[in-house]
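Protein chains: 4
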Amino acid sequence: MKNVDSTQDKRRDILEAAEKVFRANGFTAAKMDEIAELAGVAKGTLYLYFDSKQDLFVSLLEDRIWEYVATLTKKLEEVCSVQGFVQTLAKVRGQLFVKNRWLLESLSHSLPDFSKEFRMRIWNLRKGLEEPTIEALTRLLPPDYPIAPLQAAAMVNGALDYTVGTLILHGQPVVLEDVARALEYILLPGLSQAPGEDYSGQ
Amino acid sequence: MKNVDSTQDKRRDILEAAEKVFRANGFTAAKMDEIAELAGVAKGTLYLYFDSKQDLFVSLLEDRIWEYVATLTKKLEEVCSVQGFVQTLAKVRGQLFVKNRWLLESLSHSLPDFSKEFRMRIWNLRKGLEEPTIEALTRLLPPDYPIAPLQAAAMVNGALDYTVGTLILHGQPVVLEDVARALEYILLPGLSQAPGEDYSGQ
Amino acid sequence: MKNVDSTQDKRRDILEAAEKVFRANGFTAAKMDEIAELAGVAKGTLYLYFDSKQDLFVSLLEDRIWEYVATLTKKLEEVCSVQGFVQTLAKVRGQLFVKNRWLLESLSHSLPDFSKEFRMRIWNLRKGLEEPTIEALTRLLPPDYPIAPLQAAAMVNGALDYTVGTLILHGQPVVLEDVARALEYILLPGLSQAPGEDYSGQ
Amino acid sequence: MKNVDSTQDKRRDILEAAEKVFRANGFTAAKMDEIAELAGVAKGTLYLYFDSKQDLFVSLLEDRIWEYVATLTKKLEEVCSVQGFVQTLAKVRGQLFVKNRWLLESLSHSLPDFSKEFRMRIWNLRKGLEEPTIEALTRLLPPDYPIAPLQAAAMVNGALDYTVGTLILHGQPVVLEDVARALEYILLPGLSQAPGEDYSGQ
DNA sequence: AATGAATGAGCATTCATTCAT
DNA sequence: TATGAATGAATGCTCATTCAT
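Protein chains in written order, with our numbering: chain A, 2 to 203; chain B, 2 to 203; chain C, 2 to 203; chain D, 2 to 203.
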């Protein structure tokens, strides 16, 4: 009992320390020494829980992403309109982005020297990250909607992430409600129109 | 004169070599030795033209981005409708993304250990990259459009980049015409509607 | 009683595991973890029976060498001619060499970082290994034989070991009877001749 | 000119430092830092001249062994009797052994973790080391001598090395003339006898 | 301006040993 | 006695940068 708990505790401590250090420095510049010190364990202990720096990094991504995916999936299952979808997405994914921008950006970056196994794990994460959005859109968009859910999801997610990223870049406060409103204003008409409709404003 | 030309030639040779090596390996894994060899100069010569590896990297980004910004600015100046804007953007920025994905991703990634000066130069690039889009939208959107051009631009650019990135990730062919069409279908209604209009599909 | 037996059993298990691992990897590359696992005990238990990796290694050598020395001593005591000596030696020591080449080579190799105490123990082993040969030759050679038994023994042992080693190196099968015959052919005349005899072939 | 010389000088300096350090500590315990310091160069410089610690080690063996092989080959070519052969061998190989005992022992030891390439290079050295002896014996022994030169050479070399090693082990002075005499006394009769001869002293 | 040999700080990983249980 | 989780010192190798020529 105690052993299992203490083992899980230590693993969690290490992941938390790793998150801070990776976030602050990026993968390459992060130092295992610093992670160990921050986690309050000896350097060698890191290797009892993770095979390598790469494994630690990807395990961290997995831990955080799967947790987020589960949350988002649950929230989106309760949604029954495209509008609700956009609002929920903006809130949940936007929050993730604000808190873990580096994490999402790490995913879309090919890390140096990563072995095939790790590239595969990252690839799975990237795909998994889109799953809830794709699923929700598949359910909510009209069956004859002319854009594939994969692409529609990419556009919504891209618009959301990039907007939040831009606000951060420009030092402006990120108010997710405002972002949600803008997202609705720009995307909802296109997502809501019937396939045959003339969408051009002319 | 001759000296200036030869100097410029060598600088260009180095930038071209650097582009290939950085693209193939990313910043950290790229080696100055390889760049020098590919450029046909001695290792020490690199330091006659650039202060450091970081300087070479950022100079390369600047060189390529400003060139692209000039092109896009010119193309967008000829555009006189939101629809034309979306089509032109998809073509020009989409092309850049397909060819220089690593370049754009480098911009949005916090490079490890980069000094403040370099972070600033990269920040300028990121802002400059959005300029033409913002400018065009400022001109083309109705004056009372409720979304700030900065955010609108972010959404269009994000939707475009993320869609192309997703296609690449899934190993699907990137046909920019199709991407442009999907972009139009989803974004144009929202970008074209009058401010007071009821956009919700209900 | 029971305790003693069980203790002896465990000690023997560890030595057997250690033999396999040391033989396969050599001293430095052998890992205590692997030895413990193969012996079916916990890593810490090794240190209840042996002070250190070095102690385990040298204890193993001692265990095996003294056992071999006892065997050879007994066999050589029954021998009553130089020819019988050569034959018996080729058979017994040759066998040891074929089966435990690494063991003999370990003895003649200065192990890295071994402390003085351990070097001494190894030195004793090396000397002990020659004892039976020296004793037998002292008994069998004519009292006025001009070569000291120590040197004569060294020559016989060296010729034997090196020949077997060479055969192994060249991937040739080691037939100890053949080796014994060659050894006899080359060494016996010299070992058998009376001191004053003219041994040169001229 | 100067560059080539200075390059050769530095390579030689490194080899000399490596010899001292490897001799004193063995391969595994030897530290590249110490070699660099002793050679008076920076650690990185070692890697300009040798690919790795293993490469440095094997290159050193090669350098020393080939030099010795050339010397021995030349000396043995002038020899025209088995007796002369034994004397010359004792002098030249004995000298090598006294000075570079660790070197010869390194050869007959399977170094830990050595890659196939390096094992091959060491194997070639071991074979090359026997070449001059085999060649000389092939020339000097009667054509119908019943022992293959390879085995005869192994016996002579083994007897010689082991004798010298034993003297060193026992702390006795190594007088090569005495060793040569003992070697002659014991080996010459066997090496000189005609094939049909009865060699047993009985 | 150009070279390229030399530098040396920096770092992930291993593994014998310990000690609380 | 026995365990095995935790330790942390130890080390080969890389590569951006310098500088004598």
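Every residue gets a Cβ at the ideal spot worked out from N, C-alpha and C, and that includes glycine.
No experiment lies behind these values; they were computed from the predicted model shown.
Between the region 146-158 of chain A and the region 55-68 of chain A there are fewer than three C-beta pairs closer than 8 Å, too few to call the two in contact. Contact check between the region 117-130 of chain A and the region 66-83 of chain A: three or more CB pairs, one atom from each, fall below 8 Å, which counts as touching. Taking the beta carbon of C/P147 as reference, the chain D residues within 7 Å of it are Y186, listed in sequence order. Rounded to whole angstroms, the separation of the alpha carbons of B/Y186 and A/Q55 is 41 Å.
In the three-state reduction of the DSSP assignment, B/F98 falls in the helix class, which pools H, G and I.
Taking a contact to require three or more Cβ pairs closer than 8 Å, the region 23-30 of chain C and the region 18-34 of chain B do not qualify as touching.
Within the region 146-179 of chain B, the runs of alpha helix (DSSP H) that reach at least 4 residues and sit entirely inside it are, in chain order, 150-170. The C-beta of A/S107 has 16 or more other C-beta atoms within 10 Å across all chains shown, which makes the residue buried. Straight across, the Cα-Cα distance linking D/L57 with D/F51 is about 5 Å. Just so you know, the alpha carbons of A/L177 and A/Q88 end up roughly 9 Å apart. Residues of chain C whose Cβ lies closer than 8 Å to the Cβ of D/Y163 are, in chain order, A155, M156, N158, G159, A160, D162 and Y163.
In the displayed model, B/K32 falls within coil according to three-state DSSP, outside both helix and strand. With respect to the 7 Å criterion, C/I135 and C/A154 are classified as neighbours on the basis of their beta carbons.
Membership of B/D56 in the alpha helix (DSSP H) is indicated by the continuous run K54 to E78.
When Cβ-Cβ separations below 7 Å define contact, A/G85 makes no contact with chain B. Under the DSSP assignment, D/F119 falls in the alpha helix (DSSP H) whose first and last residues are K117 to L141. Across the set B/L192, B/S193 and B/L161, the C-alpha of B/L161 shows the shortest separation from the C-alpha of B/L97. Of the other Cβ atoms in all chains shown, 16 or more fall within 10 Å of the Cβ of C/G191; this residue is therefore buried. The alpha-carbon of A/L47 is positioned some 13 Å away from that of A/Q9.
Looking at the backbone, the Cα of B/H171 and that of A/N125 are separated by about 11 Å.
In this chain, the alpha helix (DSSP H) harbouring D/G45 covers K44 to Y50. In the three-state reduction of the DSSP assignment, B/G41 falls in the coil class, being assigned neither a helical nor a strand state.
The Cβ of C/Q96 sits no closer than 7 Å to any Cβ of chain D. Excluding residues up to 5 positions away in sequence, V83 lie with their Cβ nearer than 6 Å to the Cβ of D/S193 in the same chain. Assignment of C/Q194 by DSSP, reduced to helix, strand and coil, places it in the coil class. Interface with chain C (7 Å Cβ-Cβ cutoff): D/Q88 is excluded. In chain D, no part has a C-beta under 8 Å from the C-beta of C/S116; the shortest such distance is about 12 Å. Here B/V175 is actually not in contact with B/V93; their C-beta atoms are around 14 Å apart, not less than 8 Å. Put simply, the backbone Cα of C/P143 is about 15 Å away from that of C/L188. One Cα belongs to C/L90, the other to A/S116, and the distance between them is close to 55 Å. Closest in C-alpha terms to B/T139, from the list B/F86, B/E35 and B/T167, comes B/F86. Cβ proximity to chain B below 9 Å picks out N26, G27, F28, T29, A30 and A31 from the region 22-45 of chain A. Within the region 59-86 of chain C, the residues whose Cβ lies closer than 9 Å to some Cβ of chain D are S82, V83 and Q84, listed in chain order. Contact note: C/R127 reaches chain D through L170, using a C-beta cutoff of 7 Å and chain order.
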